[in-house]
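For the sequence shown, our numbering assigns the number 31 to the initial residue and increments by one for each residue that follows. Positions of the beta carbon are idealized from the N, C-alpha and C atoms, including for glycine. It should be emphasised that the depicted structure is a prediction, and the values quoted were computed from it without experimental measurement.
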Amino acid sequence: MSRLIVISNRVSVPKAAGAAGAQGGLAVALNSALREHRGIWFGWSGQETEEFTGHLDMQRNNGVTTATIDLEPQDIDEYYNGYANRTLWPLFHYRIDLTEYDRNFGEGYERVNARFADSVLPLIEPDDLVWVHDYHLLPLGSMLRQKGVKNRIGLFLHTPWPPARLLVSLPFHERLVSSMLEYDVIGFQTAEWLGSFLHYVDKEMGLDVNEDGSIDYNGRRIVARAFPIGVDYKEFVEGGQSEEAKDAYDHLKASVRGRKVLIGVDRLDYSKGLGERFESFNRFLADNPDQAANVVLLQIAPPSRGDVASYQQIREDLERKTGHINGAHADVAFVPIRYVNRGYPRRQLAGFYRAADIGLVTPLRDGMNLVAKEYVAAQDAEDPGVLILSQFAGAALQLTDALQVNPHSIEHVSETIKRALEMPVAERRRRHEKLLASVRDEDVVHWRDEFVKTLFGKQDVEAGETAA
Ligand code: ADP
Ligand code: G6P
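1) Apply the 10 Å Cβ neighbour rule to Met173 and answer buried if 16 or more other Cβ atoms are within range, or exposed otherwise.
2) Report yes or no: do three or more beta-carbon pairs, one from the region 329-343 and one from the region 457-469, lie closer than 8 Å?
3) Which runs of the beta strand (DSSP E), 3 residues or longer, sit entirely within the region 255-340?
4) Would the beta-carbon of Leu298 fall within 9 Å of that of Phe311?
5) Tell me, which residues are paired with Met210 by DSSP?
6) State the beta-bridge partners of Trp477 as determined by DSSP.
7) On the DSSP letters alone, give me the boundaries of the alpha helix (DSSP H) that His462 sits inside.
8) Using a Cβ cut-off of 9 Å (strictly closer), state whether Asn61 contacts chain B.
9) Going along the chain, which unbroken runs of the beta strand (DSSP E) with 3 or more residues stay wholly within the region 402-434?
10) What are the boundary residues of the beta strand (DSSP E) that includes Thr95?
11) Where does Val482 land, buried or exposed, given buried means 16+ other C-beta within 10 angstroms?
12) Could you give the distance in angstroms between the alpha-carbon of Ala456 and the alpha-carbon of Asp413?
13) If we require 3 or more residues per run, which beta strand (DSSP E) segments fall completely within the region 135-221?
14) Report the CB separation of Val401 from Asp296 in whole angstroms; it is logged as a contact under 8 Å.
15) Per DSSP, what are the beta-bridge partners of Leu512 in this structure?
16) Hey, Leu427 and Thr220: beta-carbon distance below 9 Å or not?
17) Taking only the alpha-carbon atoms, compute the straight-line gap between Leu153 and Ala254 and give it to the nearest angstrom.
18) What do you get for Ala411, buried or exposed, if any count of 16 or more other CB atoms within 10 angstroms of its CB means buried?
19) Could you tell me whether the region 85-101 touches the region 123-136, using the rule of 3 or more Cβ pairs below 8 Å?
20) Going by C-alpha distance, which of Glu268, Val207, Ser38, Thr352 is nearest Glu234?
21) Can you name the start and end residues of the alpha helix (DSSP H) that Tyr383 belongs to?
22) Between Pro437 and Pro393, how many whole angstroms is the CB-CB distance? I'm expecting something under 8 Å.
23) For Phe364, I'd like the list of residues in its chain whose CB is within less than 7 Å of its CB, leaving aside the five on either flank, ordered along the chain.
24) For ligand 1, any of its heavy atoms closer than 8 Å to the Cβ of Ile355?
25) Taking the beta carbon of Glu273 as the centre, do at least 16 other beta carbons fall within 10 Å, making it buried, or is it exposed?
26) By Cβ distance below 7 Å, which residues in the same chain neighbour Arg395 in space, the five residues on each side in sequence not counted?
27) Quick check on the burial criterion: 16 or more other C-beta atoms within 10 angstroms. Buried or exposed for His188?
28) Could you tell me the boundaries of the beta strand (DSSP E) in which Val36 lies?
29) Using beta-carbon positions only, say whether Ser75 and Val43 come within less than 9 Å of one another.
30) Please state the DSSP three-state secondary structure of Asp361.
31) Grab the span of the alpha helix (DSSP H) containing Glu452 for me, first residue to last.
32) Using DSSP with H/G/I as helix, E/B as strand and the rest coil, what is Asn91?
33) Could you say which of Val36, Phe82, Glu78 lies nearest to His67 if we only look at CA atoms?
34) Ligand 1 and Met398: does any heavy atom of the ligand fall closer than 8 Å to the residue's C-beta?
35) Just checking Lys40 against ligand 2 - is the residue's beta carbon closer than 8 Å to any of the ligand's heavy atoms?
36) Between Leu118, Gly260, Ile245, which lies nearest to Asn61 when the distance is taken from Cα to Cα?
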């Protein structure tokens with residue numbers, strides 16, 4: 031088995047099994063993917079240093095070896111808060127209204143990618159497979175090539191890929207995409223994002239896309255494919271049996287005193303549709319006064335990217351909305367929305383999911399959405415809850431037995447909440463059984479193995495007549 035060198039912006043390993051730590055789909059998935067695979071996870075420590083040195087901090091925690099570097103304040107500003115989270119993240123989530131285009135961000139992005147390349151280089155041995163993750167590091171593969179790395183290098187994008195019509199609003203878009211064509215394999219969450227990428231490559235760059243989705247470029251063949259990410263099913267189900275999960279379940283159940291629970295678990299991000307979700311719940315309460323005292327929405331939303339203005343804004347909006355809705359519908363002994371800004375250890379989360387009658391997962395746009403899959407994995411097969419899922423989450427392509435909604439339609443989501451609350455147990459079981467099969471069969475191990483197999487097995491097919 032080849033060693034894996036996994037590279038991502040954020041490296042986040044819990045100190046011990048069951049501890050709080052990783053949040054965000056990438057960190058949760060990579061922890062699971064690396065635990066049973068030889069290799070190193072390289073990236074930013076999340077820490078700031080006055081002057082960049084490239085010093086590698088090597089550690090082993092909870093079965094995963096990590097190598098991290100610290101970044102300078104200017105790097106964090108221009109690369110992480112700037113190009114990654116004020117330019118690419120909103121653009122990739124179809125929010126060009128929030129996308130900022132600033133030349134300094136672009137320069138910072140390239141500088142930090144070059145720093146990543148220099149720092150990781152000494153760790154790479156000839157037989158290693160190099161696997162780069164996400165929008166922070168799109169040009170890293172080409173920079174490694176410039177430094178002479180001949181290993182197979184793959185990229186997996188955890189976010190959506192936007193339609194070409196939107197992508198062309200990015201200055202130097204062609205330069206960014208050309209740099210990606212130095213990878214051997216480019217993976218997307220779904221066929222939809224893959225299709226947008228191939229459409230761009232075909233229409234904007236005039237490249238040949240073969241029937242199998244591969245691309246011929248500069249005499250090389252690049253494999254572009256969808257690899258839908260999954261949850262660590264085994265860990266999640268085992269965690270669900272733990273004392274911590276049972277305590278969390280009992281605690282939540284006791285506190286709601288017989289009321290039905292709707293649960294949302296999301297980083298506090300504008301892509302998650304939290305404002306629309308709260309409004310839909312508000313509409314449900316207003317339209318169903320007889321039900322209002324019988325339901326509680328538990329929204330767990332740890333703050334994210336707090337140095338970026340659009341994230342400060344969404345946080346303020348939600349605080350205001352929660353205040354309004356609770357003010358309008360609360361009673362002396364009852365508050366309809368429990369809004370909690372903190373993270374929880376995964377086992378407790380499993381207990382909360384299981385205690386919830388409805389999983390409310392309504393992003394406006396999401397590469398995949400692991401919360402939807404975690405909710406399914408955590409349910410009791412005899413008395414499962416109902417998943418309400420946005421049609422705009424990548425997961426909607428697999429989880430077709432969820433109640434799918436358009437999160438922009440407040441009425442539709444409100445009516446769907448009603449339908450879910452009234453759904454007979456036989457229908458709940460029938461739907462859950464199918465959802466569970468998909469979550470179990472296409473788990474994170476399957477995702478890792480499929481990607482690694484493709485990267486490892488990829489032959490350097492030389493393209494047509496242009497081959498050297
Ligand atoms: P994203 O990657 O955009 O954050 P996902 O739904 O794909 O969205 O992944 C989010 C991951 O972060 C899930 O595994 C979820 O359990 C975890 N997570 C989110 N909020 C919390 C929280 N408050 N406590 C613990 N884990 C959380
Ligand atoms: C999403 C992104 C990840 C990112 C995570 C948390 O899952 O795809 O790349 O790590 O959100 O965001 P943060 O900015 O805190 O790393």
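Working from what's here:
1) As a working mapping, residue 173 is identified with position 143 in the sequence shown. Classification of Met173: buried, given that the 10 Å Cβ count is 16 or more.
2) no
3) 290-295, 325-330
4) Indexing the sequence shown from 1 puts residue 298 at position 268. Indexing the sequence shown from 1 puts residue 311 at position 281. Cβ atoms of Leu298 and Phe311: not closer than 9 Å.
5) Within the sequence shown, the letter at position 180 stands for residue 210. BP columns for Met210 are empty, so no partner.
6) Residue numbering aside, residue 477 sits at position 447 when the sequence shown is read from its first letter. None, per the DSSP bridge assignment.
7) As a first step, residue 462 is located in the sequence shown; it is residue number 432 there, counting from the start. From DSSP, the alpha helix (DSSP H) with His462 extends over 455-471.
8) The structure shown has no chain B; it contains just one protein chain.
9) 416-420
10) One-based indexing of the sequence shown puts residue 95 at position 65. Run containing Thr95: 94-101, per the beta strand (DSSP E) assignment.
11) Residue 482 sits at position 452 when you count from the first residue of the sequence shown. With 16 or more other Cβ atoms within 10 Å, it is buried.
12) As a first step, residue 456 must be located in the sequence shown, where it is residue number 426. As a first step, residue 413 must be located in the sequence shown, where it is residue number 383. Between Ala456 and Asp413, the C-alpha separation is close to 9 Å.
13) 159-163, 183-186, 215-218
14) As a working note, residue 401 is residue 371 in the sequence shown. As a working note, residue 296 is residue 266 in the sequence shown. Val401 to Asp296, Cβ: 7 Å. Contact.
15) Absent from the model: residue 512. The displayed extent of the chain is 31 to 498, so no value can be given.
16) Within the sequence shown, residue 427 is the residue found at index 397, counting from 1. Within the sequence shown, residue 220 is the residue found at index 190, counting from 1. Yes, the Cβ-Cβ distance between Leu427 and Thr220 is below 9 Å.
17) Taking the sequence shown and counting its residues from 1, one reaches residue 153 at position 123. Taking the sequence shown and counting its residues from 1, one reaches residue 254 at position 224. Cα to Cα, Leu153 sits roughly 26 Å from Ala254.
18) Here the question's residue 411 lines up with position 381 in the sequence shown. Classification for Ala411: exposed.
19) no
20) Here residue 234 refers to the residue found at position 204 when the sequence shown is read from its first residue. Glu234 has its Cα closest to that of Val207, out of Glu268, Val207, Ser38, Thr352.
21) For the purposes of this step, residue 383 is taken as residue 353 along the sequence shown, with counting starting at 1. Tyr383 -> alpha helix (DSSP H) spans 376-385.
22) Mapped onto the sequence shown, residue 437 falls at position 407. Mapped onto the sequence shown, residue 393 falls at position 363. Confirmed, Cβ separation roughly 7 Å.
23) Residue mapping note: residue 364 aligns to position 334 of the sequence shown, counting from 1. Cβ within range, chain order: Ala323.
24) Here residue 355 refers to the residue found at position 325 of the sequence shown. No.
25) Position 243 of the sequence shown, counted from the start, is the residue given in the question as residue 273. Glu273 should be labelled exposed.
26) Translated into the one-based positions of the sequence shown, residue 395 becomes position 365. Result list for Arg395: His123, Tyr124, Pro190, Ser301, Phe422, in chain order.
27) Counting from 1 along the sequence shown, the entry for residue 188 is found at position 158. Per the 10 Å Cβ criterion, buried.
28) By one-based count along the sequence shown, residue 36 stands at place 6. Run containing Val36: 34-40, per the beta strand (DSSP E) assignment.
29) Residue mapping note: residue 75 aligns to position 45 of the sequence shown, counting from 1. Residue mapping note: residue 43 aligns to position 13 of the sequence shown, counting from 1. Going by C-beta atoms, Ser75 is not nearer than 9 Å to Val43.
30) Along the sequence shown, read from residue 1 onward, the residue named residue 361 stands at position 331. Looking at Asp361 - three-state DSSP - the assignment turns out to be strand.
31) Start at 1 with the first residue of the sequence shown, and residue 452 comes out as number 422. It spans 440-452 - the alpha helix (DSSP H) in which Glu452 sits, taken as one unbroken run.
32) Here residue 91 is taken as the residue at index 61 of the sequence shown, counted from 1. Reduced to three states, the DSSP call for Asn91 is strand.
33) Indexing the sequence shown from 1 puts residue 67 at position 37. Of the candidates Val36, Phe82, Glu78, the one whose C-alpha sits nearest the C-alpha of His67 is Val36.
34) Translated into the one-based positions of the sequence shown, residue 398 becomes position 368. At least one heavy atom of ligand 1 is nearer than 8 Å to the Cβ of Met398, so yes.
35) Here residue 40 is taken as the residue at index 10 of the sequence shown, counted from 1. One detail in the question is off: residue 40 reads as Arg in this sequence, not Lys. Indeed, a heavy atom of ligand 2 lies less than 8 Å from the Cβ.
36) As a first step, residue 61 must be located in the sequence shown, where it is residue number 31. Answer by Cα proximity: Gly260.
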